[in-house]
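Q: Below you'll find the structure I mean.
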Amino acid sequence: MSLHGRDVISIRDLSREEIEEILASSRKMVPYAEGKKVTHPLDDQIVAMAFFEPSTRTRLSFESAVQRLGGSCITIADAAASSMRKGESLYDTIRMLSGYAEAIVIRHPNEGSARLAARASDRPVINAGDGAGQHPTQTLLDLATMQEAFDTLSGLRVVLLGDLKYGRTVHSLAHALALFGSEIVLSAPPTLGLPDEVLERLEHMGAKITAEPDLHKAVRDADVLYVTRIQKERFPDESDYRKVAGSYRIDASVLRDAKPRLIVMHPLPRAGEIAPEVDDTPHAAYFRQAFLAVPVRMALLNAVLGGAKKGG
Amino acid sequence: MVRELKITPIKNGTVIDHITSGLALDVLRIINIQSLDKDSTVSVAIRVRSGKLGWKDIVKVENMELSPRKVNAIALITPRATISIIRDFKVQEKRTVDLPDRIIGVLRCPNPNCITNQPEPVESEFEVTERHPVILQCAYCDRRVDSFLSQLA
């Protein structure tokens, strides 16, 4: 099934074959993302960046992706600077934007906002993070990073470490890992485990999941250590945040017994979860991961905007 | 011995029968009796012997027919209820409540951060993902819901 003109709201909107297609295309996009080759499939096309929540990497990598494909962007970078401050609804804002651009990329603090945007827009909508909900393009670039390192997404042992409750990236990633048949090891502080409904859904898919709260033991047999930041902004109560803040940190001593090919990933920004000394080891994959955001988003935008339009 | 009728028949209106025992007052809440005509009699029987259920509740409301939304809300909390439309003391239509595949505008999403709980021109919408017991999933934020009374909009 073609991705032309489709909304991409959740990783669950994509089949395994469609994910593989995007990853294959993203590998071809790398020299274009690096500026070594030039391509213009989005000539004369405009993509609206509707960012109602702070973002550095996601917004800039999407903007870079659009421009590397020869398209151009119009951007809301801050809800406070938009008419939503005057009380305009998200629905109206998106409805209006869909008249200004061929596609809309949205980040918003409320869960479900991207689905609302998709209903408001007759142009394709790509979710760049809706509250603690979905962030499908992050999952795609996470998968691209693993595939580049191991040449496969099956049979890997992937430790998901940290805030598995509020961290939206791990929910989508766990789904994709289950889809590709990799093993998931959960390592989280007691109050920050995977929500029951996410766990049930994964078990329903037949996912191989174990829990290993001891970080040293979890790292020993791992191929991928996926570290997350504890999401202070999503805690309803700051005292709960303080109880778990700083409860894990990856440094040379944690990695001493790791497999030589282990890669350490992090969606960034980090807040002390990974010591700077890890940056110069062969394990550090998080900056490569951040770069791969551009070719992966290029591949997705090219697939969605390659000609046909939603509703057309 | 003369049998005394616990609830008298109604001329025109709706009888909601086979309500799970103890939920009649919640059904009244869904019906919103304040919105009815002042001369509409509402009769409630709680803990009535029933062959099918052991015990059941019954609600009879004069001069009212339920909207599809209210029927959906009743189906969520008491899925074995039956609804009879009465005209001139006769049962014109009798049916069981039937849960549709999607429930629109009946429940609030329990996720306070869901976009449907914000001032947006949008109705709540849930997909029925399981029927025995009923489990719903928010069509916007994916939150699962398996208890409905406190979420009735």
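From first to last, the protein sequence lines are chains A and B. For the first sequence, the working numbering gives the first residue as 355, with consecutive numbering after it. For the second sequence, the working numbering gives the first residue as 43, with consecutive numbering after it. Note that CB positions come from ideal geometry on N, CA and C, so glycine has one too.
Using a Cβ-Cβ cutoff of less than 7 Å, which residues in the same chain neighbour residue 549 of chain A once the five nearest sequence positions on both sides are dropped?
A: One-based indexing of the first sequence puts residue 549 of chain A at position 195. These residues qualify, in order along the chain: 519.
Q: What distance in whole Å lies between the Cβ atoms of residue 538 of chain A and residue 528 of chain A, which are believed to be in contact at a cut-off of 8 Å?
A: Position 174 of the first sequence, counted from the first residue, corresponds to residue 528 of chain A. Position 184 of the first sequence, counted from the first residue, corresponds to residue 538 of chain A. The Cβ separation is near 6 Å, so the contact holds.
Q: Helix, strand or coil: which one does DSSP assign to residue 85 of chain B?
A: Numbered from 1 along the second sequence, position 43 holds the residue referred to as residue 85 of chain B. Correct three-state label for residue 85 of chain B: strand.
Q: How many Å lie between residue 430 of chain A and residue 445 of chain A at the Cα?
A: By one-based count along the first sequence, residue 430 of chain A stands at place 76. By one-based count along the first sequence, residue 445 of chain A stands at place 91. Whole-angstrom Cα-Cα distance: 15 Å.
Q: Just the chain B side, please: which residues come within less than 7 Å of residue 445 of chain A by C-beta, in chain order?
A: Taking the first sequence and counting its residues from 1, the one referred to as residue 445 of chain A is at position 91. Going along chain B in sequence order, the residues near residue 445 of chain A (Cβ under 7 Å) are 162, 163, 164.
Q: So what's residue 403 of chain A in DSSP terms, helix, strand or just coil?
A: Residue 403 of chain A sits at position 49 when you count from the first residue of the first sequence. It is a strand residue.
Q: Taking 8 Å as the cut-off, does the stretch 78-86 of chain B touch the stretch 118-134 of chain B (at least 3 CB pairs, one atom from each stretch)?
A: No, because fewer than three Cβ pairs between the stretch 118-134 of chain B and the stretch 78-86 of chain B fall closer than 8 Å, the two stretches do not touch.
Q: Which residue comes first and which comes last in the beta strand (DSSP E) that contains residue 426 of chain A?
A: Taking the first residue of the first sequence as 1, we reach residue 426 of chain A at position 72. Looking at the DSSP string, the run of the beta strand (DSSP E) that includes residue 426 of chain A is 426-430.
Q: Going straight from the alpha carbon of residue 165 of chain B to that of residue 147 of chain B, what length do you get?
A: Residue mapping note: residue 165 of chain B aligns to position 123 of the second sequence, counting from 1. Residue mapping note: residue 147 of chain B aligns to position 105 of the second sequence, counting from 1. So the alpha carbons of these two residues sit roughly 5 Å apart.
Q: Expressed to the nearest angstrom, what Euclidean distance is found between the alpha-carbon atoms of residue 665 of chain A and residue 557 of chain A?
A: Here residue 665 of chain A is taken as the residue at index 311 of the first sequence, counted from 1. Here residue 557 of chain A is taken as the residue at index 203 of the first sequence, counted from 1. Reliability fails at residue 665 of chain A, whose pLDDT of 43 lies under 50, so the model's placement of it is uncertain and the value that follows must be treated cautiously. Computed Cα separation, rounded: 35 Å.
Q: So who's on the other strand from residue 481 of chain A, going by DSSP bridges?
A: Counting from one through the first sequence, the residue named residue 481 of chain A turns up at place 127. Looking at the DSSP assignment, residue 481 of chain A forms a beta bridge with A/460.
Q: Quick check: residue 489 of chain A and residue 526 of chain A, are their CB atoms within less than 8 Å of each other?
A: Numbered from 1 along the first sequence, position 135 holds the residue referred to as residue 489 of chain A. Numbered from 1 along the first sequence, position 172 holds the residue referred to as residue 526 of chain A. Yes.
Q: Could you say if the stretch 642-660 of chain A and the stretch 490-500 of chain A meet the contact criterion of at least three C-beta pairs nearer than 8 Å?
A: Touching, per the Cβ criterion.
Q: Check the Cβ of residue 467 of chain A against every Cβ in chain B and list those closer than 7 Å, keeping chain order.
A: The residue labelled residue 467 of chain A in the question sits at position 113 within the first sequence. By Cβ distance, chain B contributes 157.
Q: Between which two residues does the alpha helix (DSSP H) containing residue 98 of chain B stretch?
A: Translated into the one-based positions of the second sequence, residue 98 of chain B becomes position 56. Note, residue 98 of chain B: premise wrong, no alpha helix (DSSP H); beta strand (DSSP E) at 96-104.
Q: Name the chain A residues whose beta carbon is nearer than 7 Å to that of residue 186 of chain B?
A: By 1-based counting over the second sequence, the position of residue 186 of chain B is 144. The answer, in chain order, is 551.
Q: Please report the distance separating the alpha-carbon of residue 372 of chain A from that of residue 357 of chain A.
A: In the first sequence, residue 372 of chain A corresponds to position 18, counting from 1. In the first sequence, residue 357 of chain A corresponds to position 3, counting from 1. Answer to the nearest angstrom: the Cα atoms are 8 Å apart.
Q: Listed from N- to C-terminal order along the chain, which residues in the stretch 469-481 of chain A have their beta-carbon within a distance smaller than 7 Å of any beta-carbon of chain B?
A: Listed in sequence order: 469, 470.
Q: Answer yes or no: does any C-beta atom of chain D fall closer than 8 Å to that of residue 181 of chain B?
A: The chain labelled as chain D is not found among the protein chains of the depicted structure, namely A and B.
Q: Contact between the stretch 100-118 of chain B and the stretch 51-66 of chain B: three or more CB pairs below 8 Å?
A: A contact exists between the stretch 100-118 of chain B and the stretch 51-66 of chain B.
Q: Quick check: is the beta carbon of residue 59 of chain B nearer than 8 Å to any beta carbon in chain A?
A: Taking the first residue of the second sequence as 1, we reach residue 59 of chain B at position 17. No, its Cβ sits nowhere closer than 8 Å to a Cβ of chain A.
Q: Nearest-angstrom Cα distance between residue 508 of chain A and residue 603 of chain A?
A: Here residue 508 of chain A corresponds to residue number 154 of the first sequence, with the count starting at 1. Here residue 603 of chain A corresponds to residue number 249 of the first sequence, with the count starting at 1. Answer to the nearest angstrom: the Cα atoms are 27 Å apart.
Q: Can you list, in chain order, the residues of its chain whose CB lies under 7 Å from that of residue 49 of chain B, leaving out five sequence neighbours each side?
A: Taking the second sequence and counting its residues from 1, one reaches residue 49 of chain B at position 7. The answer, listed in chain order, is 85, 87, 100, 102.
Q: Counting only beta-carbon separations shorter than 8 Å, does residue 153 of chain B have a partner in chain A?
A: Working through the second sequence from its first residue, we reach residue 153 of chain B at position 111. True, the Cβ-Cβ gap to chain A drops below 8 Å.
Q: Would you decide whether residue 112 of chain B is buried or exposed? Buried here means 16 or more other CB atoms lie within 10 Å of its CB.
A: Taking the second sequence and counting its residues from 1, the one referred to as residue 112 of chain B is at position 70. The residue is buried, with at least 16 neighbouring Cβ atoms inside 10 Å.
Q: Rounded to whole angstroms, what is the Cα-Cα separation between residue 662 of chain A and residue 473 of chain A?
A: The residue you call residue 662 of chain A lines up with position 308 of the first sequence. The residue you call residue 473 of chain A lines up with position 119 of the first sequence. Here the model assigns residue 662 of chain A a pLDDT of 41, short of 50, so the residue's position is not dependable, and the following value carries that caveat. Cα-Cα distance, rounded: 18 Å.
Q: Between residue 52 of chain B and residue 128 of chain B, is the Cβ-Cβ spacing less than 8 Å?
A: Translated into positions along the second sequence, residue 52 of chain B becomes position 10. Translated into positions along the second sequence, residue 128 of chain B becomes position 86. Yes; because the gap between Cβ atoms is below 8 Å, this pair is in contact.
Q: My output table needs one value for residue 124 of chain B: the three-state DSSP class, helix, strand or coil.
A: As a working note, residue 124 of chain B is residue 82 in the second sequence. Looking at residue 124 of chain B - three-state DSSP - the assignment turns out to be strand.
Q: Looking only at its chain, what residues have a beta carbon closer than 7 Å to the beta carbon of residue 121 of chain B, apart from the 5 residues adjacent to it on each side?
A: Within the second sequence, numbered from 1, the residue matching residue 121 of chain B stands at position 79. The residues are 139, 141, 176.
Q: Count the other C-beta atoms from every protein chain shown that fall within 10 angstroms of the C-beta of residue 501 of chain A, then say buried if there are 16 or more, exposed otherwise.
A: The sequence position of residue 501 of chain A within the first sequence is 147, counting from 1. Burial call: buried.
Q: Alpha carbon to alpha carbon, how far is residue 169 of chain B from residue 114 of chain B?
A: Working through the second sequence from its first residue, we reach residue 169 of chain B at position 127. Working through the second sequence from its first residue, we reach residue 114 of chain B at position 72. The alpha-carbon atoms of residue 169 of chain B and residue 114 of chain B are separated by roughly 13 Å.
Q: Examine chain B for any beta-carbon lying closer than 8 Å to the beta-carbon of residue 656 of chain A, and answer yes or no.
A: Residue mapping note: residue 656 of chain A aligns to position 302 of the first sequence, counting from 1. No, residue 656 of chain A does not count as interfacial toward chain B.
Q: Just to confirm, are residue 419 of chain A and residue 648 of chain A a CB contact at a threshold of 8 Å?
A: Within the first sequence, numbered from 1, the residue matching residue 419 of chain A stands at position 65. Within the first sequence, numbered from 1, the residue matching residue 648 of chain A stands at position 294. Yes, the pair counts as a contact, with Cβ atoms nearer than the cut-off.
Q: Can you give me the start and stop residues for the alpha helix (DSSP H) that residue 446 of chain A sits inside?
A: Residue mapping note: residue 446 of chain A aligns to position 92 of the first sequence, counting from 1. Note, residue 446 of chain A: alpha helix (DSSP H), 444-451.
Q: With C-beta atoms as the reference, is residue 179 of chain B less than 8 Å away from residue 173 of chain B?
A: Within the second sequence, numbered from 1, the residue matching residue 179 of chain B stands at position 137. Within the second sequence, numbered from 1, the residue matching residue 173 of chain B stands at position 131. No, the Cβ-Cβ distance between residue 179 of chain B and residue 173 of chain B is not below 8 Å.
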